[in-house]
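> Numbering-wise (our numbering), the sequence shown opens with residue 6 and increments by one.
Below is one structure. I have some questions about it.
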Amino acid sequence: MNFATMNCRQVERFLSAFVDMDFSGLTPTEIVSLEKNIHDCPDCSRELRLDIATKSYLRKRHTETPCPQPTIDSVVAFVYHIYQSMKASYSMDRHAGN
Ligand SMILES: [Zn+2]
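Okay, here's the thing in structure tokens:
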């Protein structure tokens, strides 16, 4: 896709990543186009400031919530089950001479 001249709808798709300084998927030309639109368009500029304020607020309010032990136990059991299945499958392949 070519975003050499981005319109507001296209900019909207990249705003959140832009706030995080994540430019993955964009060429240098597209980054310049994105910045130009944000600079020139009051609506996109306002959206950007709102996004920055929202992310900043969430970062400040962020608290660690411990994972409940039953959830940890069930994830560990599931991963162990997959590990055992893969190990058994690998072992069968070796015995079959593959
Ligand atoms: Zn705009």
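Where a beta carbon is used, it is the ideal one built from N, C-alpha and C, also for glycine.
Grab the span of the alpha helix (DSSP H) containing Ser94 for me, first residue to last.
Gln74 to His100
> Taking the Cβ atom as the reference point for each residue, do Asp56 and Leu31 lie within a distance shorter than 9 Å?
no
> Taking the continuous alpha helix (DSSP H) assigned at Phe23, which residues delimit it?
Cys13 to Val24
> Pull up the distance between the alpha-carbon of Ile107 and that of Asp78, whole angstroms please.
With the chain running from 6 to 103 in the structure shown, residue 107 is simply not present.
> Is the beta carbon of Val16 less than 9 Å from the beta carbon of Leu39?
yes
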